[in-house]
Every structure is written in C-alpha cells, then in structure tokens.
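Report on the following structure.
2 protein chains.
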Amino acid sequence: MVQVAEQPDTRTRIVASTCELYRRQGMAGTGLKQIAQAARAPFGSIYHFFPGGKGQLTEEVIRSWGLMYGDLVAQVFDSAPDLPTAIEWAFAGAAESLAVTDYVDGCPVATVALEVASTDETLRLATADVFTDWIDLGVKRFEYTGLPQAKLRELVIGFVTSLEGAFVLCRAMRSTEPLHAAGKVVLAAAHAALAEVAEED
Amino acid sequence: MVQVAEQPDTRTRIVASTCELYRRQGMAGTGLKQIAQAARAPFGSIYHFFPGGKGQLTEEVIRSWGLMYGDLVAQVFDSAPDLPTAIEWAFAGAAESLAVTDYVDGCPVATVALEVASTDETLRLATADVFTDWIDLGVKRFEYTGLPQAKLRELVIGFVTSLEGAFVLCRAMRSTEPLHAAGKVVLAAAHAALAEVAEED
DNA sequence: GTCTATAAACCGATAGAC
DNA sequence: GTCTATCGGTTTATAGAC
C-alpha cells in the first residue's frame, strides 16, 4: 500500500493544535473555532471526540503533555553520566529549544495551571498530577546518588520550579539568559548536596 | 473635616480589582464587566480612565505591580542582615502569604506574561521591563557582598525564576512545599558563591 | 465624571443534515 | 464521522443621556 504524506488522525491533530495554541496564548485566550481551524478539522469534530467540551479537551492536553515531556526529560536524564550533567543538559536543551522556536515553545501546563488554579478544580488537579509525576520521576531517577530522600526531593522540586520560572522570564524578555542562570543555580545546589554526602564517607 | 470609611478613588479601585482578578484567572479570563463589578465602578468609567481599553489598563496593572512588589521585596532585603537571610525571608514570606490567601495570592505579572509573550508586543515589553527592574534592583542591593558582577546577577535571576516557578507549582498543588524547596536551592547556591569569594581572601 | 444602552464580534455548546 | 447553522451568552468597545 502506498502512503502519501500521511497525516495524523483528526483527534490527534486536535490535541496537538490545542497544545500548541495553549503554549502561546493560554487556554482562555484560545477559542474552539481557532483550534478547529489550526487542526484542519471541522468544528463539530471537537465535540465528537470530546463530548465534555473544552474542559475535557484541556484535561487531555495537560495529561498527555505531562507524559510526553516527562519522557523527554527522562531521556535526557538517562543519557547523562551523572546528576550535574543531567541538570546542565536539561537547561541547555530547554534554552536551545526556546530560542529555535522564537520563544513560543514554553510549557503549556504552567500557563494553564496559573489560569485554572483558582477557577477550575478538575483542571487544577490535572496540572497538580503532572507536576507531582515529574517530581516523582526525577526523585526515582536519582536515588542512586545516595542523597538523603528529603534532600533529593528538595533538589528535584527546585529543578522543576527553576525550569518553569525561567520559561516565564525567557519568553517575556526574549532571552535565554534566565534559563542559563537558573541552570547554574540548580547546578550549584546539586554540587553542594553531593559534596555533603561525599564528606560523610 | 471628618472622613468616614474613606475608599480609594474610582481609578485606583479599578486598577486594584483588575490586578486581583488577573492573579486568579489571568487576563484573557477576566472580562471588563467583571472588573467594573469588582471595583464597584460603572462600566463606562473604565474607558473614561483608560481610553486605550483593556490593553492600557493591563499595562498599568503590570507596571504598577512591578513597582509595588519591587518595594516589598526591597523592604525584606533591607531588613535582612545578609544575603542568605534575605533569601530565606523572601521565600518564607511568599509561602505564608500564599497559604493565608488560600493559594490565590500569586504573581499577576507571570500569568499575564505567559499569556501575552507571543501575542501582544506592547504588553510583553511591559512584563519584560518589570522582570528587568527586579533583577537590577536585586543586583544593586547585594553588590556589597563582593560577589563578582556576573555571579551576582546569575544568583539574582535564579532567585526570581525560582520564586515565579514555585508560585506556579504551589498554586497548582495547593502546597507551600515548592516554595520551601526552591528557597533551599537558591540558598545553597548563594552559600556556595559566598564561600568561593571568602576563599580568595 | 457617572452611568446606561447597545453595537458588533466572538465565545462555548448544540442540533441536525449528510 | 464530517460538516454547517444557529442558539444564548459573553466579550470589547462606543454613543450618548444625565
């Protein structure tokens, strides 16, 4: 069978387009009509695949992004020889990706999280689940370092918060400096924690 | 002259109410009618005081918040005996304020920044100016530490990004843990930087 | 300056033909 | 599954009375 310029199915295109639009302009700033147009899908298809409307579509965007980005970071982590290198690579990669995409390539979860944290409990829980999963994933990945559990968790949370906060400043200032600076700060904290463990031996 | 329960003038109430609503639900999620109602002002007064409409009102909210929050942080910094204590107090204060307000009391600049970074150049510049001012203010305040300029700037940017990112996670997870963890990470980085300078003596 | 009414466009959501 | 038409409500913005 010959396949010419195959494109993902309608449902997949809707989710992908929604995600992309949310990254640039947030949820409230994105209309369903705009989503349908971007996904090259008829308007009715949105309600066909997501009978729960915008809320259901948004929740799927949040959770699927959580899995995708979690996998991406896990790959970076797994290919890095140690914790400090993993931190360096993650921030450097984020900075490059942001610059290449003209500073639109932020995190859709953070944008939506700020919008819904006080207005939509279902979606707030979805964003919280994503952040919790990312933290657990990071902690599990670096347990081998021998850092005390509490210290490791603190460091991983600091990693995620720094990354998310740096995205905000980078996109606003159209500069990668905040990501580089945030990376250095997290790196310094990691080195300090590792040195403390090494001393005990 | 006797003054009974004096309330701020209409214009001030409009800006304050807009700021509060933006903190909870962002700019796109907030309607001008809702703002008028919250400010107990007639709808027409918004366009009377802000002929430029929502854009002009939003820019004033962003810039005035930048000044207010900059002053607040400057007060915390000035009352702290040294850099590490200033960092601890700032994160602890933010965490307390967030918990007390039921996780509503985030940063309006960050929310709006993510919404407009790729859609409204005028407002993007306003958010960038605020972040730049905060960074410059922090650098100037701690020049006395003797840290090299680049290292100090890196640390201050890490401070701001960690604070903003932690706000996102705290509001999503309804927990102050991210702010506490982020504070610890920035603190560790500050200690490491200061120790490096001390060694040179 | 204060307030109301309304225009014109857009929103999310639904119904129903095909 | 695809697509269109439309409903009721909301949005920003304006016009004009008081």
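Read top to bottom, the protein sequences are chains A and B.
Each step along the first sequence adds one to the number in the numbering used here, with nothing skipped, and position 153 is 153.
Each step along the second sequence adds one to the number in the numbering used here, with nothing skipped, and position 186 is 186.
Built from N, CA and C at the ideal position, the CB exists for glycine as well.
Within-8 angstroms CB hit, residue i to chain B
i: Tyr144 (chain A); result: no
i: Ser162 (chain A); result: yes
i: Ser118 (chain A); result: yes
i: Gly158 (chain A); result: yes
i: Val197 (chain A); result: no
i: Ala182 (chain A); result: yes
i: Val15 (chain A); result: no
i: Thr10 (chain A); result: no
i: Glu121 (chain A); result: no
i: Phe77 (chain A); result: no
i: Leu114 (chain A); result: yes
i: Leu155 (chain A); result: yes
Neighbour flag for residue i against chain A, beta carbons, 8 angstroms
i: Pro178 (chain B); result: yes
i: Arg141 (chain B); result: no
i: Lys54 (chain B); result: no
i: Leu21 (chain B); result: no
i: Ala80 (chain B); result: no
i: Ala172 (chain B); result: yes
i: Glu200 (chain B); result: no
i: Leu137 (chain B); result: no
i: Leu169 (chain B); result: yes
i: Thr18 (chain B); result: no
i: Leu147 (chain B); result: no
i: Val186 (chain B); result: yes
i: Met1 (chain B); result: Note that Met1 (chain B) scores 46 on pLDDT, short of 50, meaning its location in the model is unreliable; the coordinates nonetheless yield the value given after this. Judged by the 8 angstroms Cβ criterion, Met1 (chain B) is not in contact with chain A.
i: Ala74 (chain B); result: no
Residue i classed as buried or exposed, judged by whether at least 16 other C-beta atoms fall within 10 angstroms
i: Gly12 (chain A); result: Here residue 12 (chain A) turns out to be Thr, not Gly, going by the sequence shown. Label assigned to Thr12 (chain A): exposed.
i: Asp71 (chain A); result: exposed
i: Gln75 (chain B); result: exposed
i: Arg23 (chain B); result: buried
i: Tyr103 (chain A); result: buried
i: Glu96 (chain B); result: exposed
i: Met1 (chain B); result: Bear in mind that the predicted position of Met1 (chain B) carries a pLDDT of just 46, short of 50, making it unreliable; the figure below should be weighed with that in mind. Classification of Met1 (chain B): exposed, given that the 10 Å Cβ count is below 16.
i: Asp78 (chain A); result: exposed
i: Lys33 (chain A); result: exposed
i: Ala195 (chain A); result: exposed
i: Ala166 (chain A); result: buried
i: Glu121 (chain B); result: exposed
i: Asp105 (chain A); result: buried
i: Glu200 (chain B); result: exposed
i: Val61 (chain A); result: buried
i: Glu143 (chain A); result: exposed
i: Val186 (chain B); result: buried
i: Ser17 (chain A); result: buried
i: Phe91 (chain A); result: buried
i: Gln25 (chain B); result: buried
i: Ala198 (chain A); result: exposed
i: Thr101 (chain B); result: exposed
i: Thr119 (chain A); result: exposed
i: Asp136 (chain B); result: exposed
Closest Cα partner of residue i within the set the options
i: Gly218 (chain A); options: A:Met27, A:Tyr69, A:Ala38; result: A query on residue 218 (chain A) cannot be resolved here, the shown segment of chain A reaching from 1 to 201 and no further.
i: Gln7 (chain B); options: B:Gly138, B:Arg40, B:Gly44; result: B:Arg40
i: Arg124 (chain A); options: A:Ala113, A:Val168, A:Phe131; result: A:Ala113
i: Gly138 (chain B); options: B:Val73, B:Pro108, B:Val197; result: B:Val73
i: Ala193 (chain A); options: B:Pro81, B:Met68, B:Lys184, B:Cys170; result: B:Lys184
i: Val160 (chain A); options: B:Glu60, B:Ala181, B:Ala99; result: B:Ala181
i: Ala189 (chain A); options: B:Ser162, B:Ser175, B:Cys170, B:Glu177; result: B:Ser162
i: Arg141 (chain A); options: A:Gly165, A:Val156, A:Phe49; result: A:Val156
i: Glu154 (chain A); options: B:Val130, B:Arg171, B:Thr176; result: B:Thr176
i: Pro108 (chain B); options: A:Ile14, A:Pro178, A:Ala38, A:Val168; result: A:Val168
i: Gly158 (chain A); options: B:Asp82, B:Met173, B:Leu179, B:Glu143; result: B:Leu179
i: Phe50 (chain B); options: B:Glu115, B:Thr127, B:Ile14; result: B:Ile14
i: Asp129 (chain B); options: A:Arg171, A:Val186, A:Ala80, A:Gly44; result: A:Arg171
i: Thr30 (chain A); options: A:Leu57, A:Thr145, A:Pro42; result: A:Leu57
i: Ala126 (chain A); options: B:Met173, B:Asp9, B:Ala38, B:Phe43; result: B:Met173
i: Phe131 (chain B); options: B:Ser118, B:Tyr144, B:Leu67; result: B:Leu67
i: Thr85 (chain B); options: B:Ala38, B:Thr145, B:Ile62, B:Ser118; result: B:Thr145
i: Glu115 (chain B); options: A:Val61, A:Leu21, A:Asp82, A:Thr101; result: A:Leu21
i: Leu147 (chain A); options: A:Thr101, A:Trp65, A:Ile35, A:Asp82; result: A:Asp82
i: Asp9 (chain A); options: A:Val100, A:Ser45, A:Cys19; result: A:Ser45
i: Trp65 (chain B); options: B:Trp134, B:Lys151, B:Leu152; result: B:Trp134
i: Glu59 (chain A); options: A:Ser118, A:Cys19, A:Ala150; result: A:Cys19
i: Glu164 (chain A); options: A:Asp136, A:Leu152, A:Leu98; result: A:Leu98
Proximity test, residue i beta-carbon vs the ligand GDP heavy atom, cut-off 7 angstroms
i: His48 (chain A); result: Among the ligands in the structure shown, none appear at all, so the ligand GDP cannot be discussed.
- Message: Counting only Cβ-Cβ distances shorter than 9 angstroms, please list the residues of the stretch 57-72 of chain B near chain A, keeping chain order.
- Response: Residues are counted here when their Cβ sits less than 9 angstroms from a Cβ of chain A; for the stretch 57-72 of chain B the count is zero.
- Message: Short of 9 angstroms Cβ to Cβ, which residues in the stretch 83-103 of chain A face chain B?
- Response: Per Cβ criterion, the list reads Asp102, Tyr103.
- Residues from the stretch 20-51 of chain A in contact with chain B, defined by Cβ distance under 9 angstroms: For the stretch 20-51 of chain A, which is checked against every Cβ of chain B, the residues closer than 9 angstroms are Arg23, Arg24, Gln25, Gly26, Met27, Ala28, Gly29, Thr30.
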